[in-house]
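*Asks:* First residue of the sequence shown? That's 1406 in the numbering used here, and the numbers climb one at a time after it. Glycine is no exception: its CB is placed at the ideal position from the N, C-alpha and C atoms.
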Amino acid sequence: MMVSEADLENDDRCFLLYFIMGTYFGPDIKGETTKKSILQRVAEGLPPYTLDQLTHSCIKIVELERVYYYILRNTEKSLILKLTSLRRFFQGQALGGDGNGNGNNNNYPQFPELFHPGFHPQYRFKNKHKVVDNVVFINNPDSFYIRIEDVERFKRLSGVEELHVDRDAARLQLGICFDDNRVPSNTDISVGNVEPDGNVESCGGGGGGSSEPEDRVNVDASRSGGATCRGGTNVMYDYMDTEDDESDHDKVGPAMLFLPSRPSKKEWSDIVAATKNGFGLTGTVATGGIGPTMGLVDIGECEDAYLFRLSLPGVKRNEREFSCEVGTDGKVLISGVTTTGENTVSRYSQVFEMQTRNLCPPGQFSVSFQLPGPVDPHQFSGNFGIDGILEGVVMKGKCT
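(1) Assign ARG1418 to buried or exposed, taking buried as 16 or more other Cβ atoms, counted over all protein chains shown, within 10 Å of its Cβ.
(2) What are the uninterrupted segments assigned as alpha helix (DSSP H) that are 4 or more residues long and contained completely in the segment 1467-1536, given in chain order?
(3) Am I right that SER1773 and LEU1738 are in contact with their C-beta atoms under 8 Å? What's the rounded C-beta distance?
(4) Near ARG1529, which residues of its chain fall below 7 Å by C-beta distance, leaving aside the five closest residues on each side in sequence?
(5) Count the other CB atoms within 10 Å of the CB of TYR1423; is the residue buried (16 or more) or exposed (fewer)?
(6) Give me the Cβ distance between PHE1785 and VAL1731, rounded to the nearest whole Å; I'm assuming they're in contact under 8 Å.
(7) Relative to the C-alpha of LEU1491, which candidate in ILE1476, GLU1481, GLU1470 has its C-alpha closest?
(8) Taking the alpha-carbon positions, what's the ASP1703 to ARG1725 distance?
(9) Flag this pair as yes or no: are the beta carbons of ASP1709 and LYS1801 separated by less than 8 Å?
(10) I believe LEU1383 touches CYS1729 by the beta-carbon criterion, under 8 Å. Please report the beta-carbon distance rounded to the nearest angstrom.
(11) Would you call the segment 1423-1443 and the segment 1517-1527 in contact, with 3 or more CB pairs under 8 Å?
(12) Need the endpoints of the beta strand (DSSP E) that SER1666 sits in, please.
(13) With 16 other CB atoms within 10 Å as the buried threshold, where does LEU1477 fall?
(14) Pop quiz: LEU1793 and PRO1718 are said to be a contact at Cβ under 8 Å. What is the actual Cβ separation, rounded to whole angstroms?
(15) So what does DSSP say about MET1426, is it helix, strand or coil?
(16) Looking at the structure shown, is VAL1565 part of a helix, part of a strand, or coil, going by DSSP?
(17) Is CYS1765 near GLY1746, with beta carbons less than 8 Å apart?
(18) How about ILE1485 and PHE1542: do their beta carbons lie closer than 8 Å?
(19) Can you tell me where the beta strand (DSSP E) holding GLN1755 begins and where it ends?
(20) Would you kindly report the start and end of the unbroken beta strand (DSSP E) that includes LEU1712?
(21) Grab the span of the beta strand (DSSP E) containing VAL1570 for me, first residue to last.
(22) Sorted by chain position, which residues of the same chain lie with C-beta nearer than 6 Å to ASP1781's C-beta, five sequence neighbours on each side aside?
(23) Expressed to the nearest angstrom, what Euclidean distance is found between the alpha-carbon atoms of LYS1670 and ASN1512?
(24) If contacts are defined as beta-carbon pairs under 8 Å, then ARG1558 and PHE1420 qualify, I think. What distance do you get, rounded to the angstrom?
(25) Would GLY1540 pass as a contact of ASP1457 if the rule is Cβ separation under 8 Å?
(26) In the DSSP assignment, find the unbroken beta strand (DSSP E) run with ILE1794 in it and report its ends.
(27) Which same chain residues end up closer than 6 Å to GLY1564 when comparing Cβ atoms and leaving out the 5 residues on each side of it in sequence?
(28) Taking the alpha-carbon positions, what's the PRO1767 to SER1751 distance?
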């Protein structure tokens, strides 16, 4: 029987998915110093594990997705499942190649067949992240049990040279492979129920398929070793950072990006360049806060007085527009006018459009804070320095 090019492509796609999920993931067994993949356990004829043998750990589904897309970052795009289809695979809901059960590939099991839900249930942890229990990521899997031709097929289709995967790069996707200066998504993607879609690829499941695919991964004697990142297009960005992703409908608020290791100057430059109106901080300033510093206050106390220092950057020091009032109850009220935070700034016949506005916006403002106890407002002295720090000393009042 003739096998169409589409059928061969679908089989290659399913082969890659099955190889990755079966080789790079396994049950998290107590006491195992070297974790074994689910396919290795089958190949070695190990007895079925019990629930008591499992560690009761969990891994986010999104981490499985990241590993899949990272490994296939150099792969032909037609061989990579889109996110909707990949999630069907995890849920055991894969449809046929045409979305209606036709052209299905029965030669490869779905995720619940590899990791039985009785031992590896999927659920939403704390109503936030979708997780699966007792599954562990194996970044440097053994391959002696896999046929040489299957290993070579995987390398040829995936574009990888060796099976070893950098654990942090695969799970965090930071500073490794960029596409058009875009930073790959590193958000935790919330997984909801997947509704039937007629335009998705699939692997596994039931149905009457007409193709004659190559055999699934079989066990034999061969060995392969560790891997390097060769660059290439950012597959993860294309497939995970999509409009269909329900977590992307709402914009993320102020955020910070933590890198697992210190980037090179070029990597740091690429990360900053990939942001829209973003900026990078390095050195000691990176240990401080980012954003408006208006109103930050330090308060000191001695036996008979209180001292306070208040940060007021960009505030006019003109006495007609600035006031500081201290109440007997220890409440301090400061009001004035700020001159920073404009959309545009004119300097030396040049007009600058501000890309970031972390200083307080221009206009009237007021700041209040409470001293630890009552004071005598008549014994208050203050100084508003050119450094933007208001310093005041006020004597303690008598408690009534």
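*Replies:* In terms of the structure at hand:
(1) Burial call: buried.
(2) 1488-1496, 1516-1519
(3) Taking a contact as a CB-CB distance under 8 Å, the pair SER1773 and LEU1738 counts as one, their CB atoms being some 5 Å apart.
(4) LYS1535
(5) buried
(6) 5 Å
(7) GLU1470
(8) 26 Å
(9) yes
(10) Residue 1383 lies beyond the stretch modelled for the chain, which goes from 1406 to 1805, so this question has no answer here.
(11) yes
(12) Where SER1666 is concerned, there is no enclosing beta strand (DSSP E), given that its DSSP letter is neither H nor E.
(13) In this structure LEU1477 is buried. Its beta-carbon is surrounded by 16 or more other beta-carbon atoms within 10 angstroms.
(14) The question names Leu, but residue 1793 is Gly in the sequence shown. GLY1793 to PRO1718, Cβ: 4 Å. Contact.
(15) helix
(16) coil
(17) yes
(18) Cβ atoms of ILE1485 and PHE1542: not closer than 8 Å.
(19) Looking at the DSSP string, the run of the beta strand (DSSP E) that includes GLN1755 is 1755-1758.
(20) 1710-1716 is the extent of the beta strand (DSSP E) around LEU1712.
(21) Element bounds for VAL1570: n/a, residue is neither H nor E.
(22) Only MET1800, GLY1802 meet the Cβ criterion.
(23) 47 Å
(24) 7 Å
(25) In the sequence as presented, Gly is not what sits at residue 1540; that position holds Val. Taking 8 Å as the Cβ cut-off, VAL1540 and ASP1457 do not qualify as a contacting pair.
(26) Its beta strand (DSSP E) spans residues 1794-1801.
(27) ASN1479, THR1480
(28) Cα to Cα, PRO1767 sits roughly 15 Å from SER1751.
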